[in-house]
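Chemist: In full-length UniProt numbering, the protein residues as written are 1 to 171. Idealized CB from N, CA, C, for every residue including glycine. All of these numbers come straight from a predicted model, not from anything done at the bench. Could you have a look at this structure, given as structure tokens, before my questions?
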Amino acid sequence: MSYITMNDEKLLPVVIELNTLLADYNMYYQKLRSYHWNILGENFFELHEKFETLYSDARVKIDEIAERILTLRYHPMSKYSDYLSISSIKETSPLITDRDMVKEIIDDHRKLLVQMKLVISHAENAGDEGTIDLLGGYVRELEKTSWMLDAWTKNTKEHLNDSMVENTYDK
């Protein structure tokens with residue numbers, strides 16, 4: 001008797017997209033390690049630590065995604081050659097500026113979020129509440145991290161959308 005009561009036909013697209021997310025996270029993880037090792041300049045201490053925090057978090061998520069695939073009774077992809085071929089996150093040179101590293105990471109976050117939302121869409125179709133729950137937390141965390149990294153790239157004279165603030169104070 002199976003503990004999973006979902007239809008395999010509806011579940012297969014979830015697993016395919018989870019494997020793509022697994023590939024994306026592995027590529028993202030390795031890029032963060034590379035940046036961690038190669039960061040230079042006045043932001044070295046801050047970014048060296050931040051990159052380590054990010055890759056440590058990615059390592060946990062890689063394991064959780066693979067275990068979710070196993071929970072759904074499928075094998076997770078596990079070869080880097082497969083990750084390289086299907087991931088939307090591509091290798092980059094680590095010999096770039098700190099700002100370019102952060103901008104590259106923010107772009108990778110966008111790609112990860114797009115893939116997570118695709119997985120969630122398929123999971124909703126399959127009635128896969130476990131995957132939806134897992135990725136919902138990931139989306140929230142990654143959006144917050146992206147906001148913080150984006151704020152780091154800004155000039156202190158820049159502003160966010162202030163239409164609500166301006167309208168409130170104009171009354």
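With DSSP as the reference, label T153 as helix, strand or coil.
Modeler: Helix.
Chemist: Report the rounded CA-to-CA distance for H109 versus V60, giving the unit in angstroms.
Modeler: Straight-line Cα distance between these residues: approximately 16 Å.
Chemist: Are the Cβ atoms of R68 and G130 separated by less than 9 Å?
Modeler: Yes, they are a contact pair.
Chemist: Output the residue ranges of the alpha helix (DSSP H) runs that lie fully inside the UniProt domain "Ferritin/DPS" (18 to 157) and measure 4 residues or longer, sorted by chain position.
Modeler: Counting only runs of 4 or more, we get 44 to 71, 80 to 86, 98 to 126, 129 to 153.
Chemist: If you draw a straight line from the alpha carbon of V119 to that of V14, how long is it in whole angstroms?
Modeler: The alpha-carbon atoms of V119 and V14 are separated by roughly 6 Å.
Chemist: In chain order, what residues of the same chain lie with their CB nearer than 6 Å to the CB of F51, ignoring the 5 residues before and after it?
Modeler: These residues qualify, in order along the chain: L32, Y35, H36.
Chemist: Would L112 and Y55 qualify as a contact pair, given that the criterion is a beta-carbon distance under 9 Å?
Modeler: No; because the gap between Cβ atoms is not below 9 Å, this pair is not in contact.
Chemist: Answer yes or no: do Q142 and M101 have a C-beta to C-beta separation smaller than 9 Å?
Modeler: According to the sequence as given, residue 142 is Leu; it is not Gln. No, Cβ-Cβ distance for L142 and M101 is not below 9 Å.
Chemist: Determine whether the beta carbon atoms of M148 and L135 lie at a separation below 9 Å.
Modeler: For M148 and L135, no; Cβs fall outside 9 Å.
Chemist: If you count every other CB in all the chains shown that lies within 10 Å of the CB of L18, and 16 or more means buried, which is it?
Modeler: So L18 ends up on the buried side.
Chemist: Determine whether the beta carbon atoms of D128 and L11 lie at a separation below 9 Å.
Modeler: Result yes, Cβ atoms of D128 and L11 sit closer than 9 Å.
Chemist: Please classify Y28 as buried or exposed, where buried requires at least 16 other C-beta atoms within 10 Å of its C-beta.
Modeler: Classification of Y28: buried, given that the 10 Å Cβ count is 16 or more.
Chemist: Just checking my contact of D98 with G41 at CB under 8 Å: how many whole Å lie between their CB atoms?
Modeler: So it is a contact: roughly 5 Å between Cβ atoms.
Chemist: Where D150 and K157 are concerned, what is the direct C-alpha to C-alpha distance, given to the nearest angstrom?
Modeler: Roughly 14 Å separates the two Cα atoms.
Chemist: How about T153 and K103: do their beta carbons lie closer than 9 Å?
Modeler: Yes.
Chemist: Less than 9 Å between the C-beta atoms of residue 173 and N7, yes or no?
Modeler: This structure leaves residue 173 out entirely; the chain is present only between 1 and 171.
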